[in-house]
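Under our numbering, the first residue of the sequence shown is numbered 465, with each subsequent residue one higher. No residue lacks a Cβ here, since even glycine has one placed at the ideal position from N, Cα and C. Input: a single structure, listed below in structure tokens.
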Amino acid sequence: MIQSSCDCPYDQGTCKHEVAVYYWLRNRLTPGAPFDLAKELGKLKKADLIDVMIKLAHDPDIHHRLAHDLGPPSSNPETFVQVCEREISEKFSNGTINQQEMKTLKRYLFRKIDVIQSNENPVSRLFNSISFLDTVTPTIMRCDIFLHLLFAVRDEVTDLMVSAIEEIPEAERDMVFQRFILMWHELHLAVYNDVHVQLLKVIVPIYGGDKTFLIDQINRFRSTHAEASDLEHLDEFTKVLTEESW
Numbered sequence: 465m466i467q468s469s470c471d472c473p474y475d476q477g478t479c480k481h482e483v484a485v486y487y488w489l490r491n492r493l494t495p496g497a498p499f500d501l502a503k504e505l506g507k508l509k510k511a512d513l514i515d516v517m518i519k520l521a522h523d524p525d526i527h528h529r530l531a532h533d534l535g536p537p538s539s540n541p542e543t544f545v546q547v548c549e550r551e552i553s554e555k556f557s558n559g560t561i562n563q564q565e566m567k568t569l570k571r572y573l574f575r576k577i578d579v580i581q582s583n584e585n586p587v588s589r590l591f592n593s594i595s596f597l598d599t600v601t602p603t604i605m606r607c608d609i610f611l612h613l614l615f616a617v618r619d620e621v622t623d624l625m626v627s628a629i630e631e632i633p634e635a636e637r638d639m640v641f642q643r644f645i646l647m648w649h650e651l652h653l654a655v656y657n658d659v660h661v662q663l664l665k666v667i668v669p670i671y672g673g674d675k676t677f678l679i680d681q682i683n684r685f686r687s688t689h690a691e692a693s694d695l696e697h698l699d700e701f702t703k704v705l706t707e708e709s710w
């Protein structure tokens, strides 16, 4: 292709219409079979394939599908969190929850926390904890006086997540931590920014995966829901990860 022109109003050089034609011609004239993505992915080594998946998981839509497909399996038709959603909808569906109903809700929530704690699989325990917290927070915030209950549930569930993180086998940690951090950002948990910092305190020292990924997620948290009191911790996490990457 030596010369081209277009009758559109753009007069500052090659226009987008000419470029589109160039690409069309390139695709039409380039010999060879169509690109087979599945075949090319099948050629990758395991580590390279994981790297591709992690990069794809940065896209919120793709991450949602991956999290659904790769989430901890359930032996029940309904997952633990789906059961909680249904039961809460049935028991506490009308308007603001008053003082008497709050007592009933508190008993219900702590019985469910006991169910999470009884799960021997730390990965399931971790993801059930974060999903449970996301599910019940809107309900708690409908209470006449919700802060006390919110903090009590937050503290119990945080302890569950910390203990689960510490128990996850080393071989599974990096992939689980990456899924967990991405999931935290995806859910509506901005009210728990202090919990995010507590969890990072546990994850950062034992994380052995792609340091750039975790630094990016820390910076993402810094620019969205982190408060001024969190910044010193975030700087320290970034410093640790940066030093370890050298």
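Looking at 589, 602, 585, the one whose alpha-carbon comes closest to that of residue 560 is 602. Of the other Cβ atoms in all chains shown, fewer than 16 fall within 10 Å of the Cβ of residue 582; this residue is therefore exposed. Close CB contacts of residue 513 within its chain, under the 7 Å cut and outside five residues either way in sequence, are with 505 (chain order). A direct Cα-Cα distance of roughly 45 Å separates residue 507 from residue 618.
Closest in alpha carbon position to residue 633, among 671, 612, 609, 610, is 671. One Cα belongs to residue 473, the other to residue 482, and the distance between them is close to 13 Å. Between the alpha carbons of residue 687 and residue 698 lies a gap of roughly 11 Å. According to the DSSP secondary-structure assignment, residue 607 is paired through a beta bridge with 561.
Inter-residue distance for residue 590 and residue 468 is about 59 Å (C-alpha atoms, whole angstroms). Apart from sequence neighbours up to five positions away, the residues of its chain that approach residue 576 with a beta-carbon distance below 7 Å are 548, 596, ordered along the chain.
Here residue 652 is exposed: its Cβ has fewer than 16 other Cβ atoms, across all protein chains shown, within 10 Å.
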